[in-house]
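Colleague: What follows is a single structure, and I will ask about it in a moment.
Numbering (our numbering), first residue to last: 78 to 293.
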(Lines of atoms letter the chains of each structure in order from A; the text may use other names.)
(Lines give C-alpha, C1' and ligand atoms only; values in the text may rest on other atoms or scores of the structure.)
Protein backbone atom coordinates (compact mmCIF):
# COMPACT_ATOMS: atom_id res chain seq x y z
CA UNK A 78 0.00 0.00 0.00
CA UNK A 79 1.38 3.42 -0.95
CA UNK A 80 2.67 5.54 1.92
CA UNK A 81 0.25 8.37 2.70
CA UNK A 82 1.55 11.92 2.52
CA UNK A 83 0.87 12.57 6.19
CA UNK A 84 2.84 9.54 7.46
CA UNK A 85 5.87 10.45 9.59
CA UNK A 86 8.58 8.08 10.80
CA UNK A 87 7.97 9.50 14.26
CA UNK A 88 4.70 7.55 14.26
CA UNK A 89 6.67 4.33 14.71
CA UNK A 90 6.60 5.10 18.43
CA UNK A 91 2.80 5.12 18.41
CA UNK A 92 2.72 1.80 16.58
CA UNK A 93 5.32 0.31 18.91
CA UNK A 94 3.31 1.30 21.96
CA UNK A 95 0.21 -0.31 20.47
CA UNK A 96 2.16 -3.42 19.42
CA UNK A 97 3.52 -3.88 22.96
CA UNK A 98 0.12 -3.63 24.63
CA UNK A 99 -0.95 -7.00 26.00
CA UNK A 100 -1.41 -9.33 24.32
CA UNK A 101 1.86 -8.29 22.66
CA UNK A 102 1.87 -8.58 18.88
CA UNK A 103 0.25 -7.34 15.70
CA UNK A 104 -3.24 -6.14 16.51
CA UNK A 105 -6.28 -7.08 14.44
CA UNK A 106 -6.85 -4.76 11.48
CA UNK A 107 -10.20 -3.52 12.78
CA UNK A 108 -9.53 -3.77 16.50
CA UNK A 109 -10.67 -0.65 18.34
CA UNK A 110 -7.13 0.47 19.33
CA UNK A 111 -5.98 0.17 15.71
CA UNK A 112 -8.96 2.13 14.39
CA UNK A 113 -8.62 4.75 17.12
CA UNK A 114 -4.98 5.32 16.14
CA UNK A 115 -5.90 5.42 12.44
CA UNK A 116 -8.57 8.03 13.16
CA UNK A 117 -6.14 10.02 15.28
CA UNK A 118 -3.53 10.08 12.50
CA UNK A 119 -6.01 10.25 9.60
CA UNK A 120 -4.19 7.27 8.06
CA UNK A 121 -5.95 4.19 6.72
CA UNK A 122 -5.85 1.23 9.13
CA UNK A 123 -4.63 -1.05 6.33
CA UNK A 124 -1.42 0.98 6.09
CA UNK A 125 -0.88 0.96 9.86
CA UNK A 126 -1.51 -2.78 9.86
CA UNK A 127 1.20 -3.26 7.22
CA UNK A 128 3.56 -1.03 9.18
CA UNK A 129 2.98 -3.07 12.31
CA UNK A 130 4.15 -6.18 10.46
CA UNK A 131 7.26 -4.27 9.41
CA UNK A 132 7.78 -3.37 13.05
CA UNK A 133 7.56 -7.02 14.05
CA UNK A 134 10.16 -7.96 11.43
CA UNK A 135 12.47 -5.06 12.40
CA UNK A 136 12.37 -4.27 8.70
CA UNK A 137 14.93 -1.46 8.57
CA UNK A 138 17.94 -0.30 10.62
CA UNK A 139 15.89 2.69 11.79
CA UNK A 140 13.10 0.46 13.10
CA UNK A 141 15.65 -1.82 14.77
CA UNK A 142 17.29 1.18 16.44
CA UNK A 143 13.94 2.42 17.75
CA UNK A 144 13.09 -1.05 18.99
CA UNK A 145 16.39 -1.36 20.88
CA UNK A 146 15.90 2.07 22.40
CA UNK A 147 12.27 1.74 23.53
CA UNK A 148 10.92 -1.82 23.47
CA UNK A 149 12.28 -2.81 26.88
CA UNK A 150 11.65 0.55 28.52
CA UNK A 151 7.86 1.15 28.74
CA UNK A 152 8.28 4.38 30.71
CA UNK A 153 10.69 5.80 28.15
CA UNK A 154 8.32 4.79 25.35
CA UNK A 155 5.38 6.37 27.15
CA UNK A 156 7.31 9.63 27.59
CA UNK A 157 8.31 9.60 23.93
CA UNK A 158 4.72 9.05 22.80
CA UNK A 159 3.44 11.79 25.13
CA UNK A 160 6.02 14.25 23.82
CA UNK A 161 5.22 13.31 20.22
CA UNK A 162 1.52 13.97 20.76
CA UNK A 163 2.25 17.32 22.39
CA UNK A 164 4.64 18.40 19.62
CA UNK A 165 2.28 17.46 16.81
CA UNK A 166 -0.87 18.82 18.40
CA UNK A 167 -2.84 15.57 18.43
CA UNK A 168 -6.37 16.35 19.54
CA UNK A 169 -6.16 19.60 17.57
CA UNK A 170 -6.47 18.01 14.15
CA UNK A 171 -8.05 21.08 12.59
CA UNK A 172 -4.84 22.99 13.33
CA UNK A 173 -2.30 20.24 12.73
CA UNK A 174 -3.79 19.15 9.41
CA UNK A 175 -4.60 22.63 8.15
CA UNK A 176 -3.83 22.63 4.43
CA UNK A 177 -3.35 18.85 4.30
CA UNK A 178 -5.71 16.89 2.08
CA UNK A 179 -7.36 14.25 4.27
CA UNK A 180 -9.15 11.25 2.78
CA UNK A 181 -12.08 10.74 5.14
CA UNK A 182 -14.13 8.15 3.26
CA UNK A 183 -13.10 5.25 5.50
CA UNK A 184 -13.24 7.43 8.61
CA UNK A 185 -16.93 8.15 8.09
CA UNK A 186 -17.71 4.46 8.64
CA UNK A 187 -16.81 4.90 12.31
CA UNK A 188 -18.57 8.19 12.90
CA UNK A 189 -22.29 8.62 13.67
CA UNK A 190 -24.54 9.31 10.71
CA UNK A 191 -26.17 12.72 10.70
CA UNK A 192 -29.63 11.21 11.03
CA UNK A 193 -28.97 9.19 14.22
CA UNK A 194 -26.12 9.68 16.74
CA UNK A 195 -26.34 6.03 17.85
CA UNK A 196 -25.79 4.61 14.36
CA UNK A 197 -22.58 4.46 12.34
CA UNK A 198 -22.07 3.05 8.84
CA UNK A 199 -19.96 0.31 10.46
CA UNK A 200 -23.00 -0.80 12.45
CA UNK A 201 -25.17 -0.67 9.34
CA UNK A 202 -22.65 -2.89 7.56
CA UNK A 203 -22.87 -5.53 10.30
CA UNK A 204 -26.66 -5.32 10.27
CA UNK A 205 -26.67 -5.83 6.49
CA UNK A 206 -24.40 -8.86 6.84
CA UNK A 207 -26.82 -10.34 9.37
CA UNK A 208 -29.75 -9.41 7.13
CA UNK A 209 -28.45 -11.76 4.44
CA UNK A 210 -28.26 -14.58 6.98
CA UNK A 211 -31.94 -14.37 7.96
CA UNK A 212 -35.33 -14.52 6.29
CA UNK A 213 -37.91 -11.74 6.73
CA UNK A 214 -39.96 -13.85 9.14
CA UNK A 215 -36.95 -14.28 11.46
CA UNK A 216 -36.06 -10.58 11.50
CA UNK A 217 -37.50 -10.08 14.97
CA UNK A 218 -35.82 -8.97 18.22
CA UNK A 219 -36.21 -12.43 19.78
CA UNK A 220 -34.08 -14.13 17.14
CA UNK A 221 -30.81 -15.22 18.84
CA UNK A 222 -28.63 -13.82 16.07
CA UNK A 223 -30.25 -10.41 16.44
CA UNK A 224 -29.93 -10.54 20.21
CA UNK A 225 -26.23 -11.33 19.83
CA UNK A 226 -25.68 -8.53 17.32
CA UNK A 227 -27.60 -6.06 19.51
CA UNK A 228 -25.30 -6.87 22.42
CA UNK A 229 -22.18 -6.52 20.26
CA UNK A 230 -22.94 -3.16 18.63
CA UNK A 231 -25.06 -1.81 21.51
CA UNK A 232 -28.13 -1.14 19.40
CA UNK A 233 -31.58 -2.34 20.58
CA UNK A 234 -32.86 -5.41 18.78
CA UNK A 235 -36.04 -3.59 17.79
CA UNK A 236 -33.97 -0.90 16.07
CA UNK A 237 -31.90 -3.53 14.25
CA UNK A 238 -35.13 -5.07 12.95
CA UNK A 239 -36.36 -1.66 11.82
CA UNK A 240 -33.14 -1.20 9.86
CA UNK A 241 -33.57 -4.65 8.32
CA UNK A 242 -37.04 -3.58 7.19
CA UNK A 243 -35.44 -0.66 5.39
CA UNK A 244 -33.00 -3.03 3.69
CA UNK A 245 -35.98 -5.07 2.47
CA UNK A 246 -37.09 -2.04 0.45
CA UNK A 247 -33.81 -2.07 -1.46
CA UNK A 248 -33.67 -5.85 -1.83
CA UNK A 249 -34.55 -6.64 -5.48
CA UNK A 250 -35.45 -10.23 -4.58
CA UNK A 251 -38.32 -9.12 -2.34
CA UNK A 252 -39.89 -6.58 -4.72
CA UNK A 253 -41.41 -4.62 -1.87
CA UNK A 254 -43.35 -1.61 -3.09
CA UNK A 255 -44.62 -0.30 0.25
CA UNK A 256 -43.58 3.13 1.47
CA UNK A 257 -41.60 3.74 4.63
CA UNK A 258 -40.69 6.90 6.49
CA UNK A 259 -37.44 6.73 8.45
CA UNK A 260 -34.49 9.09 8.98
CA UNK A 261 -32.21 6.13 8.23
CA UNK A 262 -33.47 5.55 4.69
CA UNK A 263 -30.57 7.40 3.08
CA UNK A 264 -27.75 5.90 5.21
CA UNK A 265 -29.17 2.40 4.66
CA UNK A 266 -29.46 3.01 0.92
CA UNK A 267 -25.82 4.09 0.78
CA UNK A 268 -24.69 0.91 2.55
CA UNK A 269 -26.89 -1.23 0.30
CA UNK A 270 -25.38 0.42 -2.78
CA UNK A 271 -21.90 -0.33 -1.47
CA UNK A 272 -22.46 -3.95 -0.45
CA UNK A 273 -26.01 -5.14 -1.13
CA UNK A 274 -25.53 -6.10 -4.76
CA UNK A 275 -21.96 -7.34 -4.40
CA UNK A 276 -20.66 -10.81 -3.61
CA UNK A 277 -22.09 -11.67 -0.15
CA UNK A 278 -18.89 -13.56 0.67
CA UNK A 279 -16.92 -10.31 0.44
CA UNK A 280 -19.37 -8.64 2.81
CA UNK A 281 -19.19 -11.61 5.17
CA UNK A 282 -15.39 -11.54 5.26
CA UNK A 283 -15.35 -7.78 5.87
CA UNK A 284 -18.01 -8.01 8.58
CA UNK A 285 -16.04 -10.73 10.38
CA UNK A 286 -13.06 -8.37 10.58
CA UNK A 287 -15.21 -5.37 11.46
CA UNK A 288 -16.69 -7.12 14.48
CA UNK A 289 -13.28 -6.81 16.16
CA UNK A 290 -13.89 -3.08 16.52
CA UNK A 291 -16.93 -3.67 18.74
CA UNK A 292 -15.38 -6.31 20.98
CA UNK A 293 -14.11 -5.21 24.36
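Glycine included, every Cβ here is placed at the ideal spot set by N, Cα and C. Just so it is clear, the structure is predicted and the values come from calculations on it, not from any experiment.
Would residue 295 and residue 246 qualify as a contact pair, given that the criterion is a beta-carbon distance under 8 Å?
Modeller: Nothing about residue 295 can be reported from this structure: the residues present for the chain run from 78 to 293 only.
Colleague: Would you call the stretch 80 to 98 and the stretch 272 to 288 in contact, with 3 or more CB pairs under 8 Å?
Modeller: Look at the beta carbons and you see the stretch 80 to 98 not touching the stretch 272 to 288: under three pairs across the two are nearer than 8 Å.
Colleague: Tell me residue 193's beta-bridge partners as DSSP assigns them.
Modeller: 190
Colleague: Would you identify the three-state DSSP class for residue 213, choosing helix, strand or coil?
Modeller: helix
Colleague: Secondary structure at residue 91, three-state DSSP: helix, strand or coil?
Modeller: helix
Colleague: On the DSSP letters alone, give me the boundaries of the alpha helix (DSSP H) that residue 121 sits inside.
Modeller: No alpha helix (DSSP H) contains residue 121, which DSSP labels as neither H nor E.
Colleague: Return the residue from the list 226, 134 and 111 that minimises the CA-CA distance to residue 210.
Modeller: 226
Colleague: Going by the beta-carbon positions, is the gap between residue 229 and residue 243 smaller than 8 Å?
Modeller: no
Colleague: How is residue 144 classed by DSSP in three states: helix, strand or coil?
Modeller: helix
Colleague: Could you tell me how far apart the beta carbons of residue 142 and residue 203 are, in whole angstroms, since I believe they sit closer than 8 Å?
Modeller: Not a contact, Cβ separation roughly 41 Å.
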